[in-house]
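Colleague: Take this structure, written in structure tokens, and hold onto it; I'll ask about it next.
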Amino acid sequence: MANKVRLGFVPLVDCAIPVVARAMGFAQQENIDLELVREMSWAAIRDKLSFGMFEAAHLLAGIPIAARLGLGGLPVQNIVVPMALGRGGNAITVSTQLYQRMLEADPNAMLGPRGRSARALKKVIDEDKAEGRPILSFATVFPFSSHNYELRYWMAAAGIDPDMDVNIGVIAPPRMFDSLRNGWVDGYCVGEPWNQRAVFHGDGVIVALKDDIWSRSPEKVLGLREDWAQSNPELVSALVRALVRAAEWADQPGNRVELAHILSEEANVGAPFEVLKASLSGKPVLRPGEPPIDLPDRHVFYRYTATFPWLSQGRWIGEQMKRWRQIPQDTDLKAVIPDVFRPDLYRTAVAGLDVLVPQDDWRIEGAADAPDRSLVGMDQFLDDTIFKAEF
Numbered sequence: 012m013a014n015k016v017r018l019g020f021v022p023l024v025d026c027a028i029p030v031v032a033r034a035m036g037f038a039q040q041e042n043i044d045l046e047l048v049r050e051m052s053w054a055a056i057r058d059k060l061s062f063g064m065f066e067a068a069h070l071l072a073g074i075p076i077a078a079r080l081g082l083g084g085l086p087v088q089n090i091v092v093p094m095a096l097g098r099g100g101n102a103i104t105v106s107t108q109l110y111q112r113m114l115e116a117d118p119n120a121m122l123g124p125r126g127r128s129a130r131a132l133k134k135v136i137d138e139d140k141a142e143g144r145p146i147l148s149f150a151t152v153f154p155f156s157s158h159n160y161e162l163r164y165w166m167a168a169a170g171i172d173p174d175m176d177v178n179i180g181v182i183a184p185p186r187m188f189d190s191l192r193n194g195w196v197d198g199y200c201v202g203e204p205w206n207q208r209a210v211f212h213g214d215g216v217i218v219a220l221k222d223d224i225w226s227r228s229p230e231k232v233l234g235l236r237e238d239w240a241q242s243n244p245e246l247v248s249a250l251v252r253a254l255v256r257a258a259e260w261a262d263q264p265g266n267r268v269e270l271a272h273i274l275s276e277e278a279n280v281g282a283p284f285e286v287l288k289a290s291l292s293g294k295p296v297l298r299p300g301e302p303p304i305d306l307p308d309r310h311v312f313y314r315y316t317a318t319f320p321w322l323s324q325g326r327w328i329g330e331q332m333k334r335w336r337q338i339p340q341d342t343d344l345k346a347v348i349p350d351v352f353r354p355d356l357y358r359t360a361v362a363g364l365d366v367l368v369p370q371d372d373w374r375i376e377g378a379a380d381a382p383d384r385s386l387v388g389m390d391q392f393l394d395d396t397i398f399k400a401e402f
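So for the sequence shown, this note's numbering puts the first residue at 12; every next one is plus one.
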């Protein structure tokens, strides 16, 4: 009899790995009856995982760390992360009206490297202050999300104070597009397909991509309740193997059109096929009416150690929590992160597979001369920062 595993997910392109694991039979081959449950918000998934309604979840990488630190307002069970669920997919999208203002304010910033586009936003903000206009409103998907930290990083690099110069709120990913279209927000940072959908409908312009801020950076992870993982070690390994094999399938260029069809089903992402295909094929459209650009690494599910739960990437997320005053500056992240991100569980699970596994559990992030560069590819930060956190 197959082992039942209930896994909650939010409808985004990066739910592809668990969706593929079920649809293509990888979970079944590991004797797992994988039940996928679609949720609209990250808070709902976190809480249902904590209360035992799910055994596993497609989660923002920051949620398990926040849970361990007691953040979020509700008592949350400890969550462990035995693997990552790919890289890429996020973007910062602004309304067409704000884009036009940014373009007029600083055309050089808007037409140069995308990561510098916030310089134009800074000029718009300064103009609004001088004229006494209300401050602009942006949205991210959750306080402890890479989206929140990427939006803030992008703004701060241009001299914008994200806590004083703009409003930043939280909106569930599937509701981002309508919020922009209706004028409730001026911009947002979210995963696909909710950026591409705004562009296809002519309501938004993508001004920066996740890779423009920090390429190969952490995104979603597999979250498991710690007590369940401790009681079911063999099932944890089986689940990780199924998901790693699904990630490898999803990363094949020849499978991306089929993947777009699978994700377009209402029970999965439920977005139009053409929108999903544009993003998954690595040919996103950034501005309405313009031709697509070539970005083959827009979504990475398996390559570049995309399923490995790097301790250093968990640490970076924790440091952003410190930077934006979500946790005390003296929080001992070196002690916390290894209890959450669990490369040991990953290594045990894939030991029998032909999977490239790094020698160490942490790395120097953003360094061009890092010894594991060939495993990860280029991972440059917007401001050329080098992040080193040894364990």
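We put the beta carbon where it would ideally sit given N, CA and C, even for glycine. Quick caveat, the model's predicted, so the values are computed rather than measured.
By the DSSP assignment, the beta strand (DSSP E) with residue 216 in it spans what residues?
Modeller: Locating residue 216 in the sequence shown gives position 205, where the first residue counts as 1. Segment 215–220, the beta strand (DSSP E) holding residue 216.
Colleague: With which residues is residue 19 paired in a DSSP beta bridge?
Modeller: Counting from 1 along the sequence shown, the entry for residue 19 is found at position 8. Answer is 48, 68.
Colleague: When the Cα atoms are used, what is the spatial distance from residue 18 to residue 119?
Modeller: Within the sequence shown, residue 18 is the residue found at index 7, counting from 1. Within the sequence shown, residue 119 is the residue found at index 108, counting from 1. Answer to the nearest angstrom: the Cα atoms are 46 Å apart.
Colleague: In its own chain, which residues sit with a C-beta less than 6 Å from the C-beta of residue 307, not counting the 5 before and 5 after it?
Modeller: One-based indexing of the sequence shown puts residue 307 at position 296. Same-chain partners within the cutoff: 293.
Colleague: On the DSSP bridge list, what partners appear for residue 94?
Modeller: As a first step, residue 94 must be located in the sequence shown, where it is residue number 83. Bridge partners of residue 94: 233.
Colleague: For residue 385, is the classification buried or exposed, using 16 other Cβ atoms within 10 angstroms of its Cβ as the cut-off for buried?
Modeller: The residue given as residue 385 occupies position 374 in the sequence shown. Label assigned to residue 385: exposed.
Colleague: Three-state secondary structure (DSSP) at residue 286?
Modeller: Reading the sequence shown from its first residue, position 275 is the one you call residue 286. The answer is helix: DSSP assigns residue 286 an H, G or I state.
Colleague: When we look at the beta-carbon of residue 319 and count the other beta-carbons within 10 Å, is it buried (16 or more) or exposed?
Modeller: Numbered from 1 along the sequence shown, position 308 holds the residue referred to as residue 319. So residue 319 ends up on the buried side.
Colleague: At which residue ranges does the segment 288–345 contain complete beta strand (DSSP E) runs of 3 or more residues, listed in the order of the chain?
Modeller: none
Colleague: Taking all protein chains shown into account, do 16 or more other C-beta atoms lie within 10 angstroms of the C-beta of residue 144, making it buried, or fewer, making it exposed?
Modeller: On the sequence shown, residue 144 is found 133 positions in, with the first residue counted as 1. Exposed: under 16 other Cβ atoms inside 10 Å.
Colleague: Given a threshold of 16 other Cβ atoms within 10 Å of its Cβ, counted over all protein chains shown, does residue 149 qualify as buried or as exposed?
Modeller: By 1-based counting over the sequence shown, the position of residue 149 is 138. Answer is buried; the Cβ neighbour count reaches 16.
Colleague: Counting only the same chain and skipping the five closest in sequence on each side, list residues whose C-beta sits under 6 Å from that of residue 279.
Modeller: One-based indexing of the sequence shown puts residue 279 at position 268. Taken in chain order, the residues that qualify are 30.
Colleague: Taking all protein chains shown into account, decide if residue 372 is buried (16 or more other Cβ within 10 angstroms of its Cβ) or exposed.
Modeller: Start at 1 with the first residue of the sequence shown, and residue 372 comes out as number 361. Flag for residue 372 reads buried.
Colleague: Quick one: measure Cβ to Cβ for residue 38 and residue 183, integer angstroms, because I've assumed they're closer than 8 Å.
Modeller: In the sequence shown, the residue the question calls residue 38 occupies position 27. In the sequence shown, the residue the question calls residue 183 occupies position 172. With a Cβ gap of about 26 Å, residue 38 and residue 183 do not count as contacting.
Colleague: Is it right to say residue 379 is buried, meaning 16 or more other beta carbons lie within 10 angstroms of its own, or is it exposed?
Modeller: Here residue 379 refers to the residue found at position 368 of the sequence shown. Exposed is the call here.
Colleague: Does the segment 334–341 touch the segment 243–251, meaning 3 or more C-beta pairs lie closer than 8 Å?
Modeller: no
Colleague: Tell me which residues share the same chain as residue 136 and place their Cβ nearer than 6 Å to its Cβ, disregarding the 5 neighbours each side in the sequence.
Modeller: Residue mapping note: residue 136 aligns to position 125 of the sequence shown, counting from 1. Excluding sequence neighbours, residue 136 sits near 176.
Colleague: Would you identify the three-state DSSP class for residue 106, choosing helix, strand or coil?
Modeller: In the sequence shown, the residue the question calls residue 106 occupies position 95. Looking at residue 106 - three-state DSSP - the assignment turns out to be strand.
Colleague: For residue 351 versus residue 75, is the C-beta distance shorter than 8 Å?
Modeller: For the purposes of this step, residue 351 is taken as residue 340 along the sequence shown, with counting starting at 1. For the purposes of this step, residue 75 is taken as residue 64 along the sequence shown, with counting starting at 1. Yes, Cβ-Cβ distance for residue 351 and residue 75 is below 8 Å.
Colleague: Taking just the CA atoms, how far does residue 390 sit from residue 32?
Modeller: Taking the first residue of the sequence shown as position 1, residue 32 is located at position 21. Taking the first residue of the sequence shown as position 1, residue 390 is located at position 379. Using only the alpha carbons, I get a separation of about 28 Å.
Colleague: Can you give me the C-alpha to C-alpha distance between residue 104 and residue 269, rounded to a whole angstrom?
Modeller: By 1-based counting over the sequence shown, the position of residue 104 is 93. By 1-based counting over the sequence shown, the position of residue 269 is 258. Each residue's alpha carbon lies about 27 Å from the other.
Colleague: Verify whether the separation of the beta carbon atoms of residue 72 and residue 229 is less than 8 Å.
Modeller: Here the question's residue 72 lines up with position 61 in the sequence shown. Here the question's residue 229 lines up with position 218 in the sequence shown. A contact, by the Cβ cut-off of 8 Å.
Colleague: Would you give the residue range spanned by the beta strand (DSSP E) that residue 168 belongs to?
Modeller: Here residue 168 corresponds to residue number 157 of the sequence shown, with the count starting at 1. First-last for residue 168: undefined, no H or E at that position.
Colleague: Using the C-alpha atoms, what's the distance from residue 27 back to residue 204?
Modeller: As a first step, residue 204 is located in the sequence shown; it is residue number 193 there, counting from the start. As a first step, residue 27 is located in the sequence shown; it is residue number 16 there, counting from the start. Residue 204 and residue 27: Cα-Cα distance of roughly 12 Å.
Colleague: Could you check the C-alpha separation between residue 367 and residue 141 for me, to the nearest Å?
Modeller: Within the sequence shown, numbered from 1, the residue matching residue 367 stands at position 356. Within the sequence shown, numbered from 1, the residue matching residue 141 stands at position 130. Here the C-alpha atom of residue 367 lies approximately 55 Å from the C-alpha atom of residue 141.
Colleague: Helix, strand or coil: how does DSSP classify residue 61 here?
Modeller: By 1-based counting over the sequence shown, the position of residue 61 is 50. If DSSP states are grouped into helix, strand and coil, residue 61 belongs with the helices.
Colleague: Cα-Cα, which of 51, 13, 155, 112 is closest to residue 81?
Modeller: By one-based count along the sequence shown, residue 81 stands at place 70. The shortest C-alpha to C-alpha distance from residue 81 to any of 51, 13, 155, 112 is the one to 155.
Colleague: Confirm, please, whether the CB-CB distance from residue 96 to residue 255 is below 8 Å.
Modeller: Position 244 of the sequence shown, counting from 1, holds the residue named residue 255. Position 85 of the sequence shown, counting from 1, holds the residue named residue 96. Not closer than 8 Å, so no.
Colleague: Which whole runs of the beta strand (DSSP E) in the segment 147–208 are 3 residues long or more, in chain order?
Modeller: Segments of the beta strand (DSSP E) lying fully in the segment 147–208: 148–151, 178–181, 198–202.
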